[in-house]
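A short worksheet on the structure shown next.
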Amino acid sequence: MEMRRFGFIGFGLIGGSVAHALREQYPDSELLAYNYFISKPHPRLELAKMDGILDRITTDLSDFSDRDCIFLCAPVIKNIAYLDKLKPYLSKDCLLTDVGSVKSDILAAVREHGLCEQFVGGHPMTGSEKTGYEHSESSFFRDKYYVLTPFKESRPEYTEWLKSFVHDIGSHCMVLDANIHDAVVAGISHGPHVISAALVNTVAALDKEGTYAALAAGGFHGITRISSSSPEMWQNICLTNPERICEFLDKYIEILTAAKEQIAQADEEGLMDFFTAAKEYRDGVRF
4 MEMRRFGFIG
14 FGLIGGSVAH
24 ALREQYPDSE
34 LLAYNYFISK
44 PHPRLELAKM
54 DGILDRITTD
64 LSDFSDRDCI
74 FLCAPVIKNI
84 AYLDKLKPYL
94 SKDCLLTDVG
104 SVKSDILAAV
114 REHGLCEQFV
124 GGHPMTGSEK
134 TGYEHSESSF
144 FRDKYYVLTP
154 FKESRPEYTE
164 WLKSFVHDIG
174 SHCMVLDANI
184 HDAVVAGISH
194 GPHVISAALV
204 NTVAALDKEG
214 TYAALAAGGF
224 HGITRISSSS
234 PEMWQNICLT
244 NPERICEFLD
254 KYIEILTAAK
264 EQIAQADEEG
274 LMDFFTAAKE
284 YRDGVRF
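Position in the sequence shown (from 1) plus 3 gives the number in the numbering used here.
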């Protein structure tokens with residue numbers, strides 16, 4: 004099927020990278036982005052237009068009525084809110100997809116709006132502590148997984164087009180149930196961000212003289228890099244995937260408490276097993 008007219012709601016790191024990839028794969032396509040500032044230019048959108056990535060910028064959602072495909076790339080809660088705003092202008096033949104890292108809430112909202120046939124959920128499993136269009140690039144997706152969460156009612160041709168697009172941009176496509184997706188990302192993405200932020204906040208609370216910050220090196224840098232990500236995005240994620248994140252954190256606290264006891268009791272064998280098990284599993288993960 005032919006896709007030529009694309010629209011974007013939200014245009015940060017991921018949205019900008021999708022736009023770069025679309026421009027490379029479909030050089031004759033038309034890319035339109037929404038400026039929610041309304042009364043003033045959006046600097047990142049203007050930059051994308053200067054770069055030749057965007058063709059048009061609009062403050063009027065009715066301009067999306069002729070789109071073949073719309074990518075929802077705002078924070079998760081805002082993506083859900085835009086469903087209601089977009090619906091009056093949404094062509095029945097427009098593929099609607101998102102890039103959010105929580106799927107259950109938006110799928111429920113899509114069903115409530117009666118848009119299941121034309122919606123296919125998406126989540127590129129890639130990220131960076133950097134934010135904004137200025138850091139975006141098409142190579143951001145290369146050799147990464149891109150998860151799709153279609154409905155049973157989703158038009159097969161829409162799912163197939165997205166699978167083809169994902170393959171063409173160098174990603175590995177995986178189709179998952181939304182609930183399984185949300186449980187997995189709670190463990191490998193959402194929970195680690197909470198843990199990283201908690202570690203940073205703990206060190207900050209103890210760092211009365213600035214000595215911790217002065218001496219912070221490899222270990223602290225590596226484990227806390229992700230804490231420089233967008234606070235709004237991670238607030239949204241925690242608010243939309245709370246059950247799964249809390250389930251993961253409960254298990255993490257259980258294991259951390261056991262390790263604390265092993266340290267307190269100078270349990271040599273227990274500590275060796277703790278670190279050995281972590282090393283063996285981590286060494287087997289393909290990044």
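Backbone N, C-alpha and C define an ideal beta-carbon position, used for all residues, glycine too.
Apart from sequence neighbours up to five positions away, the residues of its chain that approach Leu99 with a beta-carbon distance below 6 Å are Ile73, Gln121 and Phe122, ordered along the chain.
The beta carbon of Thr129 is closer than 7 Å to those of Phe143, Phe144 and Lys147 in its chain, skipping five residues each way along the sequence.
Distance from the CA atom of Leu50 to the CA atom of Ala36, rounded to whole angstroms, is 12 Å.
Restricting attention to Asp96, Ser104 and Glu140, the CA atom closest to the CA of Pro78 is found in Ser104. When the Cα atoms are used, His126 and Met53 turn out to be separated by approximately 27 Å. Per DSSP, Val123 lies in no alpha helix (DSSP H) segment; the continuous beta strand (DSSP E) that holds it begins and ends at Phe122 to Pro127. Residue burial annotation: Val188 is buried, with at least 16 other C-beta atoms found within 10 angstroms of its C-beta. Just measuring C-alpha positions, the residue of Ala217, Ala200, Thr162 and Gly273 sitting nearest Ser231 is Ala200. Under the DSSP assignment, Cys176 falls in the beta strand (DSSP E) whose first and last residues are His175 to Val178. Its chain contains Ala24 and Phe144 as the residues whose beta carbon lies nearer than 6 Å to that of Ile172, once the 5 sequence neighbours on both sides are disregarded; these appear in chain order.
In this structure, Gly135 places its C-beta atom within 8 Å of the C-beta atom of Arg47. Along the segment 18-96, the beta strand (DSSP E) occurs as fully enclosed runs of 3 or more residues at 33-37, 59-61 and 72-75, listed in sequence order. Between the alpha carbons of Tyr215 and Thr205 lies a gap of roughly 11 Å. As DSSP reads the structure, Arg8 sits in a beta bridge with Glu33.
One alpha carbon belongs to Leu209, the other to Ile229, and they sit about 20 Å apart. Classified as exposed, Thr279 has fewer than 16 neighbouring CB atoms from the shown chains inside 10 Å of its CB. If you draw a 10 Å sphere on the C-beta of Phe14, you find 16 or more other C-beta atoms in it, and that means buried.
In the displayed model, Asp146 falls within coil according to three-state DSSP, outside both helix and strand. Counting only runs of 4+ residues, the alpha helix (DSSP H) found wholly inside the segment 189-237 occupies 194-209, 214-218 and 221-227, in chain order. Thr100: member of the beta strand (DSSP E) spanning Leu98 to Asp101, first to last residue. Around the CB of Val288, fewer than 16 other CB atoms lie within 10 Å, so the residue is classed as exposed. The C-beta distance from Phe9 to Ser42 rounds to 25 Å, too long to meet the 8 Å contact threshold.
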